[in-house]
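Engineer:
Residue numbers (the numbering used here): 695 to 906.
#1: Compute the beta-carbon to beta-carbon distance between residue 865 and residue 880, rounded to the nearest angstrom, for a pair I have assumed lies under 8 Å.
#2: Within 8 Å, do at least three Cβ pairs link the segment 705-718 to the segment 750-764?
#3: I'd like to check one pair, residue 854 with residue 927: are the Cβ atoms closer than 7 Å?
#4: Return the Cβ separation of residue 848 and residue 828 in integer angstroms, given the expectation that the two are a contact with Cβ distance under 8 Å.
#5: Tell me whether residue 743 sits in a helix, a strand or coil according to DSSP, three-state version.
#6: Is it buried or exposed for residue 901, if we count other Cβ within 10 angstroms and need 16 for buried?
#7: Would you report the Cα separation of residue 834 and residue 796, rounded to the nearest angstrom?
#8: Suppose the cutoff is 6 Å on Cβ atoms and the five residues either side in sequence are ignored; what does the same chain contact list for residue 860 look like?
#9: Can you tell me whether residue 823 is helix, strand or coil according to DSSP?
#10: How many angstroms separate the CA atom of residue 745 from the CA atom of residue 821?
#11: Between which two residues does the alpha helix (DSSP H) holding residue 858 run?
#12: What is the DSSP secondary structure of residue 755, reduced to helix, strand or coil?
#13: Starting from residue 884, follow its DSSP beta bridges and name the residues at the other end.
#14: So what does DSSP say about residue 729, is it helix, strand or coil?
#15: Helix, strand or coil for residue 870 per DSSP?
#16: Quick check on residue 845: does DSSP put it in helix, strand or coil?
#17: Identify the continuous alpha helix (DSSP H) that holds residue 715 and give its terminal residues.
Shown next, in the form of structure tokens:
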């Protein structure tokens with residue numbers, strides 16, 4: 695969701711850099727990249743390791759509270775879906791295709807982004823706090839496939855983060871990656887945008903991906 699449908703990654707970047715400063719050492723760009731698309735637990739571990747800080751009992755809850763309060767502030771402004779996203783979703787909905795949102799973002803923040811895209815397009819969603827293991831584990835995509843009664847191999851996933859692409863591929867889904875570099879089992883999407891896309895466009899890419 696973050697990055698694929700709504701470009702909230704810059705906002706997550708602001709909060710992540712500020713979190714790293716709270717822990718004592720600002721992340722560099724390479725370390726920040728390790729947090730993209732991951733869970734908060736992963737982000738906190740990266741920041742703590744970079745700062746040389748050993749996390750203590752209660753730190754997770756304390757820093758999570760700070761992070762989600764900060765993101766709540768950053769997300770309080772207007773969120774705009776990426777170009778072409780609402781149009782392709784509307785076309786798929788008109789064809790009766792069930793669609794779900796899967797995101798490592800926890801429910802309380804994910805709801806704002808889902809509303810920004812359009813809740814009416816989706817039959818459900820799975821968030822990072824609702825599965826035993828967030829991305830890059832496959833749990834989220836297995837849960838989404840089960841929710842619509844489909845084998846994962848019949849499910850098409852659009853992802854832009856390494857963690858998300860890895861998770862969807864591990865679940866056995868067909869994965870189109872909106873990124874220059876993609877993990878094994880993921881098909882790069884070209885162009886990396888939804889401008890001009892409709893249901894027929896999606897079907898053609900699903901067919902091409904499954905024939906590789």
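Cβ coordinates follow ideal geometry from the N, Cα and C atoms, glycine included.
Structural biologist: The short version:
#1: Walking along the chain shown from the start, residue 865 turns up at place 171. Walking along the chain shown from the start, residue 880 turns up at place 186. That pair is no contact at about 12 Å.
#2: Short answer: they touch.
#3: What is shown of the chain runs 695 to 906, which leaves residue 927 out entirely.
#4: Position 154 of the chain shown, counted from the start, is the residue given in the question as residue 848. Position 134 of the chain shown, counted from the start, is the residue given in the question as residue 828. In fact, because the Cβ distance is near 23 Å, the residues do not count as touching under 8 Å.
#5: As a first step, residue 743 must be located in the chain shown, where it is residue number 49. Reduced to three states, the DSSP call for residue 743 is helix.
#6: Here the question's residue 901 lines up with position 207 in the chain shown. By the neighbour-count rule (16 or more Cβ atoms within 10 Å), residue 901 is not buried but exposed.
#7: Start at 1 with the first residue of the chain shown, and residue 834 comes out as number 140. Start at 1 with the first residue of the chain shown, and residue 796 comes out as number 102. Using only the alpha carbons, I get a separation of about 7 Å.
#8: Taking the chain shown and counting its residues from 1, the one referred to as residue 860 is at position 166. Result list for residue 860: 830, 877, in chain order.
#9: Indexing the chain shown from 1 puts residue 823 at position 129. Correct three-state label for residue 823: helix.
#10: In the chain shown, residue 745 corresponds to position 51, counting from 1. In the chain shown, residue 821 corresponds to position 127, counting from 1. Straight-line Cα distance between these residues: approximately 28 Å.
#11: Indexing the chain shown from 1 puts residue 858 at position 164. Here the alpha helix (DSSP H) through residue 858 covers 856-865.
#12: Indexing the chain shown from 1 puts residue 755 at position 61. Residue 755 falls in the helix class under three-state DSSP.
#13: As a first step, residue 884 must be located in the chain shown, where it is residue number 190. BP columns for residue 884 are empty, so no partner.
#14: The residue given as residue 729 occupies position 35 in the chain shown. Three-state DSSP puts residue 729 in coil, outside helix and strand.
#15: Counted from its first residue, the chain shown places residue 870 at position 176. Three-state DSSP puts residue 870 in a strand.
#16: By 1-based counting over the chain shown, the position of residue 845 is 151. Residue 845 falls in the coil class under three-state DSSP.
#17: Stepping through the chain shown from its first residue, residue 715 is reached at position 21. The continuous alpha helix (DSSP H) containing residue 715 extends over residues 703-716.
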